[in-house]
Amino acid sequence: MQERSLPKNFVWGAASSSFQIEGTIPGDGRGPSIWDDFCAQPGKIIDGSNGTLACDHYRLFRRDVQLLADMGAKAYRFSVAWPRILPEGRGASNPIGIDFYKRLIDELLQKGITPWVTLYHWDLPSALEKQGGWRNRDTAYAFADYAAYVVEQLRDRVDHWITHNEPWCVAVLGHRTGEHAPGLKDPLAALQSAHHVLLSHGLAMQRIRALAPDAQAGITLNLNPSYPATPGKPEDEEAAVLFDGDFNRWYLDPVFRASYPQDMIKHYEKQGILGHQGWNFIQSGDLSTIAQPNDFLGVNFYSRGVMGDRGPAEEAAKADPLRYTGMGWEIYPDGLQDLLVRLAKDYPAKAYYITENGAAYDDHLTADRQIHDPHRLRYYALHLDQVAQVCARGIPLKGYFAWSILDNFEWAFGYEKRFGLVYVDYATQERIPKASYKWLKEVIAANKVFDVL
Ligand code: IFM
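Quick look at the structure:
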């Protein structure tokens, strides 16, 4: 790997989300979310855990901001918990909740770290789920009102807004496969939810523009470039187009082109999942609402999809930490460059930011309480090498947020999967910066990616 510089003013940061790190302290006015409810259902979270304490960031945030500052982070991407702000999802607000974010942001600003606020990272207020959650169009309007309230409260401190994190996960993992809250296995509910989340993005963008005209605002999508296992083999090629449609284009097209992809409309129709009301949940004018001009697209990149049979050798390779992460996700750094080249061509944006990228691996504390995480460090190095190459091609990739600053609650995997640059000893809440953190700190200081292998 050759040494490569990043552009001047490149935004280096790390990311987190509310439910994954904050903890839910009784008596602070926060209402329950669908993730509290999901965790309470036996068998949903692999280690039976929940978000009650998580990283106790709600109380320890100053320590965590110091860790970001020590690493040299220029920006921190975190999410606001909707049920902390509006415990019932709409109506009365909770001043203790908004005050928490004001204190967090003040701490960041004092340390010269720019806050990037995600308005929705999956913790929907339970009260709204009782009314149909994202299947219900009203939730899109409730989200826009919540977003406007948060922007009003924080616009004196915040200039970077992300409406949603990974609508694909909300729709598909939450409503089609049931792996995430609210745990439905209903493909029609997934399509409805995807549409209402996208609609709520557009509605919230309008409110952000009105309230904070000088702020930068956009959405974060998790994108997974797809490849045929055997290039040229028609079934694999077709499957790759379908995967791309379901995973990427279903979200990119409405946001950038005010339309849903025709081939996917036909595909879902052929699957017979639409019911007698057909596409009625998409109302006239929705797509132009969704396609608000964005200042940037946030891209969460972890891996790629390969469609078709890759043979038995590939199955065996899953145990190889140089080829697969601890999540069983293939390490394919070239995919990051392929993806950004494709985005720049098909979905041109003023700016792109990698708003998440990182890897879970099993970490082991040494006797002197260190974490040597060579595989995670290698993952970062290989991906940052691609980031530098993308920038060198003149594509406006303007920043990179590592996922995540801390080990945290990895949804259905509970605390078993560690994505942090900083190890969290959950028994004591001690924070231990890993070798990858120390390496990234040097990279940020040099504004250069260099070899570590
Ligand atoms: O932990 C998640 C995060 O909440 C959303 N993007 C992917 C990460 C790793 O799975």
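Position 217 (the sequence shown) corresponds to 217 in this note's numbering; numbering is contiguous.
Cβ atoms here follow ideal geometry from the backbone N, Cα and C, with glycine treated the same way.
| query | result |
| --- | --- |
| Given a cut-off of 9 Å, decide if R84 and G72 are closer than it, judged by their beta-carbon atoms. | no |
| For A360, is the beta carbon positioned less than 8 Å from some heavy atom of the ligand IFM? | yes |
| Buried or exposed, going by whether 16 or more other CB atoms sit within 10 Å of the CB of K44? | buried |
| Would you mind reading off the limits of the alpha helix (DSSP H) that contains Y268? | 262 to 271 |
| Within 10 angstroms of its Cβ, does D263 collect 16 or more other Cβ (buried), or is it exposed? | exposed |
| Can at least three beta-carbon pairs, one atom from the segment 298 to 315 and one from the segment 227 to 238, be found at a separation below 8 Å? | yes |
| Pick from G48, P115, F61, A148: whose alpha carbon is nearest that of A75? | P115 |
| What would DSSP say about P213, mapped onto helix, strand or coil? | coil |
| I'd like the list of long-range same chain contacts for A392, defined as Cβ closer than 8 Å, with 5 residues on each side in sequence excluded. | R4 |
| Run the CB neighbour count on L322, radius 10 Å, all protein chains shown included, and call it buried at 16 or more, exposed below. | exposed |
| Need the endpoints of the beta strand (DSSP E) that E356 sits in, please. | 352 to 356 |
| According to DSSP, which residues form a beta bridge with Y423? | I432 |
| Here's a check: name, in chain order, each residue in its chain whose Cβ is nearer than 8 Å to the Cβ of Q66, leaving out the five neighbours to either side. | K111 |
| How about S404: is its Cβ closer than 8 Å to a heavy atom in the ligand IFM? | yes |
| Going by the C-beta, is N50 closer than 8 Å to any heavy atom of the ligand IFM? | no |
| Under 8 Å by Cβ, that's how I've got I162 and T355 pegged, so tell me the actual separation to the nearest angstrom. | 7 Å |
| Starting from the C-beta of V197, find all residues in its chain whose C-beta is less than 7 Å away, skip the five residues before and the five after it, and write them out in chain order. | W134, H164, P167, V170, A171 |
| Rounded to the nearest angstrom, what separates N447 and K185 at their Cα positions? | 45 Å |
| Where does F296 sit, in a helix, a strand or coil, going by DSSP? | strand |
| Go ahead and label K434 buried or exposed: buried means 16 or more other beta carbons lie within 10 angstroms of its beta carbon, across all protein chains shown. | buried |
| Determine the closest residue to P348 out of P95, F296, I405, with distance taken between C-alpha atoms. | F296 |
| Would you mind sorting K318 into buried or exposed? The rule is 16 or more other CB atoms within 10 Å of its CB. | exposed |
| Could you spell out the range, first to last residue, of the alpha helix (DSSP H) harbouring H460? | The chain is shown only over 1 to 453; residue 460 falls outside these bounds and no answer can be derived. |
| Mark N9 as exposed unless 16 or more other C-beta atoms lie within 10 angstroms of its C-beta, in which case mark it buried. | exposed |
| Return the bridge partner residues of P225 from the DSSP annotation. | Note: P225 sits in no beta bridge, so no partner. |
| Residues in its own chain within less than 6 Å of N248 by CB, not counting five upstream and five downstream? | L223 |
| Measuring only the C-alpha atoms, how far is L406 from D363? | 13 Å |
| DSSP on K345, reduced to helix/strand/coil? | helix |
| In the DSSP assignment, find the beta strand (DSSP E) that holds V306 and state where it starts and stops. | 305 to 307 |
| Please classify R103: does DSSP put it in a helix, a strand, or coil? | helix |
| Shortest alpha-carbon distance to Y268 belongs to which of A210, R176, G326? | R176 |
| Rounded to whole angstroms, what is the Cα-Cα separation between Q337 and A344? | 11 Å |
| Take N408 as the anchor and find which of Q41, F78, P213 has the nearest alpha-carbon. | F78 |
| Since L68 and A14 are thought to touch, with beta carbons under 8 Å apart, how far apart are those beta carbons, to the nearest angstrom? | 6 Å |
| Under 8 Å: do the segment 27 to 39 and the segment 48 to 63 share three or more Cβ pairs, one atom per stretch? | yes |
| Taking its Cβ as the centre, do 16 or more other Cβ atoms sit within 10 Å of N357, making it buried, or is it exposed? | buried |
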